[in-house]
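Student: Quick one: this structure, given as structure tokens, is what I'll be asking you about.
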Amino acid sequence: MTREDKLIQKIKQGDKSAVNELIAICYPEILRYCLWHAPNRSLAEDITQETFLKAVRYLDRCTLSVGWKPFLYRIAKNTCIDMQRKKQLSVLSFEEAAIDIPYQEPGFEEVRSDMALGQLIKGLPASSQEILLLRFGHDLTIREIAEILNLPPRTVQSKLRAALKKIKKDLETEEGGTS
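Taking our numbering, I'd label the letters of the sequence shown as residues 81 to 259.
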């Protein structure tokens, strides 16, 4: 049983202090996910907060068989979609977001890594981008991704494999090699 699962059990038993601990553990991951889907940090923070409000409100729907992370990411995904529909916002393209910063700040390498991943996946369908983001950007398992996206695990696995093949082909084409 994970630390998150233990905290959820405490919350369900009425321990209010466990809520803050659970949020503190997961907040950075969910904010990072929301930053991918929002045009600016302010909106991403709003979406993240809304995600946690919904997660706590619907905590009774979270079962240990599903797991906390897929439950939380599914809420974040749906909240991002809701905000985009509500505000009719377009997500900032990776080219627009690409800024070469000449100095290092905390979290800089994580942002750079996200930008590199964004460049690799920009030519893929949105569903494949989402799978790659969750798998490599957030290090989730195939089972967790399947739960978040409400797809069978084999479908996630085949889409992941196809996306990786396309990226490999694109990289080989870029480098001038053929295979």
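Cβ coordinates follow ideal geometry from the N, Cα and C atoms, glycine included.
Distance, Cα to Cα, N158 vs L152?
Tutor: Going by the C-alpha atoms only, they are around 10 Å apart.
Student: My guess is that L214 and A243 are in contact by the Cβ rule of under 8 Å, so how many angstroms apart are they, rounded?
Tutor: 12 Å between Cβ atoms; not a contact.
Student: Grouping DSSP H, G and I as helix and E and B as strand, with all else coil, what is N158?
Tutor: Looking at N158 - three-state DSSP - the assignment turns out to be helix.
Student: DSSP state of L244, grouped into three classes?
Tutor: Helix, per DSSP.
Student: Evaluate E227 with the Cβ neighbour count: other Cβ atoms within 10 Å of its Cβ, from every protein chain shown; 16 or more gives buried, anything less gives exposed.
Tutor: It is buried - the Cβ of E227 has at least 16 other Cβ atoms within 10 Å.
Student: I need the straight-line Cα distance from S122 to I105, nearest angstrom please.
Tutor: Each residue's Cα considered, the two are about 20 Å apart.
Student: What first and last residue would you give for the alpha helix (DSSP H) that runs through A206?
Tutor: Per DSSP, A206 belongs to the alpha helix (DSSP H) from 206-212.
Student: Select from R112, Y107, A124, W148 the residue whose C-alpha is nearest the C-alpha of Q89.
Tutor: Among R112, Y107, A124, W148, the Cα nearest to that of Q89 belongs to W148.
Student: Going by DSSP in three states, Q93 sits in which element: helix, strand or coil?
Tutor: In this structure, Q93 counts as coil in the three-state DSSP scheme.
Student: DSSP three-state call for D126: helix, strand or coil?
Tutor: The answer is helix: DSSP assigns D126 an H, G or I state.
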